[in-house]
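> This is the structure, below, for whatever I ask next.
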Amino acid sequence: MLSSFSVGLFGLAILLPSTHARIPRLPRQVSAPQFINATATNVSSVALSINTKDTSLRNTTAPYLYGLMHEDISHSGDGGIYAELLTNRAFQGSNVEPRTVDGLIGNVIVDSENPVVPYGPVLTGWAPIGDVRLTLDVLHPLSDALPTVLQVDIPANATGEVGILNYGWWGMDVSPQTYNASFYVLANEPRYYNNQTTFTVSLRSNLTGETFVSEQIGPVTVSTFDYTQLNASIVNTVTAPNSNNTFALTMDASDVAGQTLYFGLFSLFPETFKDRPNGLRKDIAQAFYDMKPQFLRFPGGNNLEGVSVDTRWKWWKTIGPLKDRAGRPGNWNYFNTDGLGLMEYLEWCEDMEIEPVLAVYAGFSLDIWGQAGMDWPQDRMPEVLQEAIDELEFCMGDTSTKWGAKRAEFGHPEPFNIKFVEIGNEDWFSSTYPRRFTFMYEGLKAAYPNITYISTAYNENSEYTIDIPAGAYWDTHHYEEPSYFLSNFDFYDNWQTDTENEDVGVLLGEFSVYQLDTPDGVVNFSNPADVHVFYPRMISAIAEGVYALGGERNPKTVKLSSYAPSLQNRNWYNWTPNMISFEADPTKTVLSTSYWQQLLFAHYRGTETLPVTNSQGDFNPVYWQSSIEETTGSVYLKVINAGNQTMPLSVTIDAAYSKVNGTIMQHDDLNGFNFVNNQTAIVPYPLGANGTALPAKSSNGSFIWTVPIHSITVLQFDL
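Mind the numbering: the sequence shown is residues 1 to 719 in the UniProt record's numbering, read in order.
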């Protein structure tokens, strides 16, 4: 990564020095963008004509154009969309802090929660209740995957309530709903008296100690040989005043005094999106679903590759019962539980009715010291290929296959359908991608010929250009200034012809405005406060929208696109800006300007593009693109005014229309943004609301309207 933000469990985020050096790369066939100040461009008016009658001039819009990208960065998975409320639920691992040190290239781990073993297990997030002693134990493992458990010693003279509490991911939401709690418990035989024990699970205020709701389990006789999983449904009717709350597991000391109990794999889930067990946090998932995305690219991103070869995302270790998932050191300086594993990602796609874009490991891993990592030797690449083939068998194989049977065993006998597979992630950092891509592509294509395969590099590395096969795609990533996106509005107009990639598609897999315009147009990934964009601004949405229009104009080339990163836990994050930021309290989830731009464009994509000619005015500062939705007979015209002056617009359509309406997002200040204290500062609203002018029809039948400054609008003409 380029820079890192970190916090203690209960602290606020602070900026740390850069933890990963960005290796210089060639621009993606774009000449260095010139500094553009669109707000200074003066155009008197724009006159457009939309052709609906000559169907030979239309192109089918890209059906999967707008989608999602997710990897576990900035606690977007654990502590984010993965709905588990308990932090450090299974004592799997912990955080580290990499930095540069004198005398060494790149980074080393200079600090870690576990001071002896980086990424090692810790007690972070847990605290005792009453007179108990908490330690970690490895002599009584829950499973091979989860060898570390919590040992709770209760002194013989203990009285009253005893137990443990968990602080959650910087708190937890307590609201009217049913929570599902579970944990594993084992008694120490020499100290166990064979009496029955009643366990109480509860949700409490961390500020006042008030118990909002509780549920008893038992009495039960705890086994001294095998772990027993205990479960409880907690039906809550209370709304806590804030999210500074805890989960408690308690016992009466009279039942357990003088005993030792071992606990493993605690869990507390709220109600989830589509009521999926082990599923997604409702508010975040609903925000994604409301966008009408068409695909989800997962699991990364850098987090696919690992901070070493052995810590790569081993898909087969992310499936099955949670007690059999060891987790792994993630690429973003914290341990991943792998509760959000391959099956959960596929079910995410299923529940949102979207297509998986599955990124498979391709033989390149990053390293803790920086971006240039470890490449697999060619004679070992068959192992990497087999991993990917097995993964696809798990996804798509019938139940007669080894991995298809495993999928059925884990609750999904019906195969998933995988249309897109990405071979690696950002492999331009590696000098060996040409041989690795060719090997993986040929092997995967032979096994699964109907899948569309995606290369993660083309010409970014100065040492090579990837020969992308016909029918395959190229995934291009851009974290840029606003001017970059404006100046490359037409980049894909002739890209296939100019680069002799006539049958190659493009995935705009990661893009966002990262900093404000600077005179030299060079992005500074050390995030200087005067130019870095911490939250997407109005100028971000405008620039990203212009870039998106460039994709819409070229559906034969640009097939898919996704803003990135998508999610940020505001308490602990590696990267800004992000499309959605959040904390434990779902009422404080912030949908950014970039989110609303993406939603607006995805909702009004149309089924075919329509040709638009301009008899007056040109692109910049106004940009446009038109399409038609054949199922409804609606014509859409997307109009972006990047300028600081209103723009008279007239539109003529060669077909009669009954009415015109529209949706607009606009802000007078290009630097305006949504934030936790004003979540709706900039949101789309219907034309005519908030003092905006309604569209009008002129005497000659054309549509006339004045386009507001700094605005993104979708006009809808009903034929």
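Every residue, glycine too, gets a C-beta built ideally from N, C-alpha and C.
Tell me, please, which residues DSSP counts as bridged to residue 126.
The residue labelled residue 126 in the question sits at position 126 within the sequence shown. Paired residue(s): 166.
> Is residue 471 closer than 8 angstroms to residue 503 when the C-beta atoms are compared?
Within the sequence shown, the letter at position 503 stands for residue 503. Within the sequence shown, the letter at position 471 stands for residue 471. Their beta carbons are under 8 angstroms apart, which means residue 503 touches residue 471 by this criterion.
> Return no unless some Cβ of chain C is closer than 8 angstroms to the Cβ of residue 187.
Among the chains in the structure shown there is no chain C, since it carries only a single protein chain.
> Any contact between the region 337–353 and the region 277–288? By contact I mean 3 or more CB pairs, one from each, below 8 angstroms.
Yes, the region 337–353 is in contact with the region 277–288.
> Kindly give me the distance between the Cβ atoms of residue 242 and residue 203, rounded to whole angstroms, as I take these residues to be in contact under 8 angstroms.
In the sequence shown, counting from the first residue as 1, residue 242 sits at position 242. In the sequence shown, counting from the first residue as 1, residue 203 sits at position 203. Incorrect: roughly 13 angstroms between the Cβ atoms, too far for contact.
> Measuring CA to CA, which of 107, 99, 124 is closest to residue 88?
Here residue 88 refers to the residue found at position 88 when the sequence shown is read from its first residue. Of the listed residues, the one whose Cα sits closest to residue 88 is 124.
> Residue range of the beta strand (DSSP E) that residue 220 falls in?
As a working mapping, residue 220 is identified with position 220 in the sequence shown. Counting along the chain, the beta strand (DSSP E) containing residue 220 begins and ends at 211–220.
> Roughly how many angstroms lie between the CA atoms of residue 404 and residue 495, to the nearest whole one?
Taking the first residue of the sequence shown as 1, we reach residue 404 at position 404. Taking the first residue of the sequence shown as 1, we reach residue 495 at position 495. Spanning the two alpha carbons is a distance of roughly 40 angstroms.
> With C-beta atoms as the reference, is residue 164 less than 8 angstroms away from residue 109?
For the purposes of this step, residue 164 is taken as residue 164 along the sequence shown, with counting starting at 1. For the purposes of this step, residue 109 is taken as residue 109 along the sequence shown, with counting starting at 1. Cβ atoms of residue 164 and residue 109: not closer than 8 angstroms.
> In angstroms, rounded to a whole number, what distance separates the CA positions of residue 597 and residue 545?
By one-based count along the sequence shown, residue 597 stands at place 597. By one-based count along the sequence shown, residue 545 stands at place 545. So the two alpha carbons sit approximately 7 angstroms from each other.
> For the region 305–318 and the region 351–365, state whether three or more C-beta atom pairs, one from each stretch, are separated by less than 8 angstroms.
Yes, the region 305–318 is in contact with the region 351–365.
> Measure the alpha-carbon distance for residue 725 versus residue 259 and round it to whole angstroms.
Outside the shown range of the chain, which is 1 to 719, sits residue 725, and nothing can be said about it.
> State buried or exposed for residue 225, treating a residue as buried only when at least 16 other CB atoms are found within 10 Å of its CB.
As a working mapping, residue 225 is identified with position 225 in the sequence shown. Per the 10 Å Cβ criterion, exposed.
> Which residues in the same chain have their Cβ closer than 8 angstroms to the Cβ of residue 554, if we skip the five residues on either side of it in sequence?
Taking the sequence shown and counting its residues from 1, the one referred to as residue 554 is at position 554. These residues qualify, in order along the chain: 492, 493, 495.
> For residue 612, I'd like the list of residues in its chain whose CB is within less than 8 angstroms of its CB, leaving aside the five on either flank, ordered along the chain.
By one-based count along the sequence shown, residue 612 stands at place 612. Contacts found: 48, 49, 50, 51, 624, 625, 626, 637.
> Do you know whose CA, among 359, 702, 327, lies nearest residue 454's CA?
For the purposes of this step, residue 454 is taken as residue 454 along the sequence shown, with counting starting at 1. Looking at the Cα atoms, 359 is the closest of the given residues.
> Hey, residue 646 and residue 695 are a contact pair by Cβ (cut 8 angstroms); roughly how many whole angstroms apart?
Position 646 of the sequence shown, counted from the start, is the residue given in the question as residue 646. Position 695 of the sequence shown, counted from the start, is the residue given in the question as residue 695. The pair is not a contact, with the Cβ atoms about 14 angstroms apart (cut-off 8 angstroms).
> To the nearest angstrom, report how far apart residue 274 and residue 77 are at their CA atoms.
Taking the sequence shown and counting its residues from 1, the one referred to as residue 274 is at position 274. Taking the sequence shown and counting its residues from 1, the one referred to as residue 77 is at position 77. Cα to Cα, the separation comes out at about 18 angstroms.
> Give the secondary structure of residue 616 by DSSP, where H, G and I count as helix, E and B as strand, and everything else as coil.
Position 616 of the sequence shown, counted from the first residue, corresponds to residue 616. It is a strand residue.
> Is residue 700 helix, strand or coil when you go by DSSP?
Numbered from its first residue, the sequence shown carries residue 700 at position 700. Coil, per DSSP.
> If you draw a straight line from the C-alpha of residue 316 to the C-alpha of residue 411, how long is it?
For the purposes of this step, residue 316 is identified with residue 316 of the sequence shown, where counting begins at 1. For the purposes of this step, residue 411 is identified with residue 411 of the sequence shown, where counting begins at 1. When rounded, the distance between both Cα atoms is 15 angstroms.
> Locate the beta strand (DSSP E) running through residue 396, then write down its first and last residues.
In the sequence shown, residue 396 corresponds to position 396, counting from 1. That residue, residue 396, is in no beta strand (DSSP E); its alpha helix (DSSP H) goes 381–396.
> Measure the C-alpha to C-alpha separation of residue 686 and residue 665 and round it to an integer number of angstroms.
Taking the sequence shown and counting its residues from 1, one reaches residue 686 at position 686. Taking the sequence shown and counting its residues from 1, one reaches residue 665 at position 665. Going by the C-alpha atoms only, they are around 9 angstroms apart.
> Return the chain-ordered list of same chain residues with a C-beta closer than 7 angstroms to the C-beta of residue 290, the five sequence neighbours on each side being excluded.
By one-based count along the sequence shown, residue 290 stands at place 290. Taken in chain order, the residues that qualify are 599.
> Go through its chain and collect everything with a Cβ distance to residue 465's Cβ below 8 angstroms, but skip five positions before and after it.
The residue you call residue 465 lines up with position 465 of the sequence shown. If we look at residue 465 and ignore the five residues flanking it on each side, its Cβ neighbours are 458, 459.
> Taking the straight line between their C-alpha atoms, what separation do you get for residue 382 and residue 448?
Counting from one through the sequence shown, the residue named residue 382 turns up at place 382. Counting from one through the sequence shown, the residue named residue 448 turns up at place 448. Spanning the two alpha carbons is a distance of roughly 16 angstroms.
> Skipping 5 residues on each side, what residues in its chain have a beta carbon closer than 8 angstroms to that of residue 463?
Here the question's residue 463 lines up with position 463 in the sequence shown. 431.
> Three Cβ pairs or more, each shorter than 8 angstroms: is that satisfied between the region 88–105 and the region 347–355?
Too few Cβ pairs lie closer than 8 angstroms, so no.
> Could you tell me if the beta carbon of residue 563 falls within a distance shorter than 7 angstroms of some heavy atom in the ligand PLP?
Inclusion of the ligand PLP in the displayed structure is not the case, the ligand content being empty and no account of it being possible.
> So what does residue 368 bridge to, in DSSP terms?
Numbered from 1 along the sequence shown, position 368 holds the residue referred to as residue 368. DSSP output for residue 368 lists no bridge partner at all.
> Excluding five sequence neighbours on each side, which residues of the same chain lie with their C-beta closer than 7 angstroms to the C-beta of residue 195?
As a first step, residue 195 is located in the sequence shown; it is residue number 195 there, counting from the start. Cβ neighbours of residue 195 beyond the five flanking positions: 255.
> Just to confirm the assignment: which complete alpha helix (DSSP H) runs, minimum length 4, are found wholly within the region 216–270?
Qualifying alpha helix (DSSP H) stretches, in chain order: 253–256.
> Return the chain-ordered ranges of every alpha helix (DSSP H) run that is complete within the region 519–575 and spans a minimum of 4 residues.
List check, alpha helix (DSSP H) in window: 538–552.
> DSSP has residue 608 in a bridge; who is on the other side?
Numbered from 1 along the sequence shown, position 608 holds the residue referred to as residue 608. The partner list for residue 608 (beta bridge, DSSP) reads 60, 628.
> Residue 40 to residue 54, Cα distance in whole Å?
The sequence position of residue 40 within the sequence shown is 40, counting from 1. The sequence position of residue 54 within the sequence shown is 54, counting from 1. Reliability fails at residue 40, whose pLDDT of 46 lies under 50, so the model's placement of it is uncertain and the value that follows must be treated cautiously. Their Cα atoms are separated by approximately 37 angstroms.
> Give the single residue among 566, 369, 479 whose Cα lies nearest to the Cα of residue 523.
Taking the first residue of the sequence shown as 1, we reach residue 523 at position 523. That would be 479, whose Cα lies nearest to the Cα of residue 523.
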